[in-house]
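In my numbering, the protein residues as written are 51 to 314.
In what follows, a single structure is set out as structure tokens and then discussed.
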């Protein structure tokens, strides 16, 4: 606990110092920054938050999945992944099939189908986003080997493409597939992770200090690569939007690197 006689200035300084311990605990596989993209969200509907929509951190950078695909067009470099990942679990929870028409994207909602247009050859394919990535260089989408083969880019390895989001696919048997607008994932339970410690006592002491000022804080224990971490979380929010607004406010209050996480 912070002593009662401690000044507000010292308390804030201490919070800043401790807040800087925030760690990137979620590691995900795949392949980064786009060269050009446009995104025009429309009025959302509400639905339960899905696991694949959680904000996440890779290599110190935070990614926040989009709540809707509508109006999304992106240009950049496509790459592919295959045999080394075949059978491994994807971000959607399903096993990766190197021969399926699937792809990894950093922020599009999982389950959304996209058209990938090869800018040099004019060939295009339609694939389903079921994984996160790529996180290397200037690549914007990572195609399964089967999809990359159909796009005729296996010889080059990479290709300049345009990605256009189509929506969720609805098949009606025999006819052309239709793509519908996915429900928005804004509704759910969220909190802010403000720090992470390896020392249990430090984590719980910090959480108690936060309770004095903010009224609520807790600690979540997790094991990453065999190491146990104690993640300090602050606040409870019923929508992603409200959590993101608080994230920005707490950045200004001396919690650099805090980020939004979904609570199961």
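The beta carbon of each residue, even a glycine, is placed where N, CA and C say it ideally should be.
(request) Specify, as a first and last residue, the run of the beta strand (DSSP E) that residue 260 falls within. (result) On the chain shown, residue 260 is found 210 positions in, with the first residue counted as 1. Taken as a continuous stretch (DSSP letters only), residue 260 belongs to no beta strand (DSSP E), being part of the alpha helix (DSSP H) at 250-264.
(request) Taking 9 Å as the cut-off, decide whether the C-beta atoms of residue 131 and residue 192 are in contact. (result) As a working mapping, residue 131 is identified with position 81 in the chain shown. As a working mapping, residue 192 is identified with position 142 in the chain shown. Going by C-beta atoms, residue 131 is nearer than 9 Å to residue 192.
(message) Does any residue of chain B have a CB that is nearer than 9 Å to the CB of residue 181?
(response) No chain B is present in this structure, which holds just one protein chain.
(request) Give the DSSP-derived three-state secondary structure of residue 141 in the structure shown. (result) Within the chain shown, numbered from 1, the residue matching residue 141 stands at position 91. Residue 141 falls in the coil class under three-state DSSP.
(message) Checking 9 Å against the spacing of the C-beta atoms, do residue 244 and residue 208 come in under that value?
(response) Taking the chain shown and counting its residues from 1, one reaches residue 244 at position 194. Taking the chain shown and counting its residues from 1, one reaches residue 208 at position 158. No.
(request) Using DSSP bridges, identify the partner residues of residue 179. (result) On the chain shown, residue 179 is found 129 positions in, with the first residue counted as 1. Answer is 153, bridged to residue 179.
(request) Note down, in chain order, each residue of its chain lying with its Cβ closer than 7 Å to the Cβ of residue 299, except the 5 sequence neighbours on either side. (result) Translated into the one-based positions of the chain shown, residue 299 becomes position 249. Excluding positions up to five away in sequence, the list is empty.
(message) Check this for me: beta carbons of residue 153 and residue 164, under 9 Å apart or not?
(response) As a working note, residue 153 is residue 103 in the chain shown. As a working note, residue 164 is residue 114 in the chain shown. Yes; because the gap between Cβ atoms is below 9 Å, this pair is in contact.
(message) Are the CB atoms of residue 198 and residue 127 within a distance shorter than 9 Å?
(response) Start at 1 with the first residue of the chain shown, and residue 127 comes out as number 77. Start at 1 with the first residue of the chain shown, and residue 198 comes out as number 148. Contact: no.
(message) Considering only DSSP beta bridges, list what residue 129 is partnered with.
(response) Taking the first residue of the chain shown as 1, we reach residue 129 at position 79. Partner(s): 192.
(message) Considering Cα atoms alone, identify which of 297, 137, 304 and 162 is closest to residue 228.
(response) Taking the first residue of the chain shown as position 1, residue 228 is located at position 178. The shortest Cα separation from residue 228 among 297, 137, 304 and 162 belongs to 162.
(request) Using 10 angstroms around the beta-carbon of residue 318, count the other beta-carbons present and answer buried if the total reaches 16, otherwise exposed. (result) Examination of residue 318 is not possible in this model, given that the chain is present from 51 through 314 alone.
(message) In whole angstroms, give me the CA-to-CA distance for residue 172 and residue 284.
(response) Within the chain shown, numbered from 1, the residue matching residue 172 stands at position 122. Within the chain shown, numbered from 1, the residue matching residue 284 stands at position 234. Distance between the alpha carbons of residue 172 and residue 284 is about 50 Å.
(request) Return the Cβ separation of residue 166 and residue 242 in integer angstroms, given the expectation that the two are a contact with Cβ distance under 8 Å. (result) The residue you call residue 166 lines up with position 116 of the chain shown. The residue you call residue 242 lines up with position 192 of the chain shown. 35 Å between Cβ atoms; not a contact.
(request) Give the DSSP-derived three-state secondary structure of residue 31 in the structure shown. (result) Within the shown structure, residues of the chain are numbered from 51 to 314, placing residue 31 beyond reach of any answer.
(request) Verify whether the separation of the beta carbon atoms of residue 289 and residue 240 is less than 9 Å. (result) In the chain shown, the residue the question calls residue 289 occupies position 239. In the chain shown, the residue the question calls residue 240 occupies position 190. Yes, the pair counts as a contact, with Cβ atoms nearer than the cut-off.
(message) Let me make sure I understand the geometry here. Which of 115, 133, 134 and 168 has the alpha-carbon closest to that of residue 142?
(response) If you number the chain shown from 1, residue 142 lands on position 92. Nearest C-alpha to residue 142: 115.
(request) Ignore the nearest five residues each way along the sequence and tell me which others in residue 287's own chain have a CB closer than 6 Å to its CB. (result) In the chain shown, residue 287 corresponds to position 237, counting from 1. Counting only Cβ-Cβ distances below 6 Å, and skipping sequence neighbours, we find 240 and 293.
(message) Rounding to the nearest angstrom, what Cα-Cα distance links residue 136 and residue 159 in this structure?
(response) Position 86 of the chain shown, counting from 1, holds the residue named residue 136. Position 109 of the chain shown, counting from 1, holds the residue named residue 159. Between residue 136 and residue 159, the C-alpha separation is close to 22 Å.
(message) Taking the straight line between their C-alpha atoms, what separation do you get for residue 212 and residue 174?
(response) Taking the chain shown and counting its residues from 1, one reaches residue 212 at position 162. Taking the chain shown and counting its residues from 1, one reaches residue 174 at position 124. Rounded to whole angstroms, residue 212 to residue 174 spans 9 Å at the Cα level.
(message) Going by beta-carbon coordinates alone, are residue 280 and residue 246 separated by less than 9 Å?
(response) Counting from one through the chain shown, the residue named residue 280 turns up at place 230. Counting from one through the chain shown, the residue named residue 246 turns up at place 196. Yes, Cβ-Cβ distance for residue 280 and residue 246 is below 9 Å.
(request) Can you give me the Cβ contacts of residue 264 inside the same chain, cut-off strictly under 8 Å, excluding the 5 residues immediately before and after it? (result) The residue given as residue 264 occupies position 214 in the chain shown. If we look at residue 264 and ignore the five residues flanking it on each side, its Cβ neighbours are 284 and 285.
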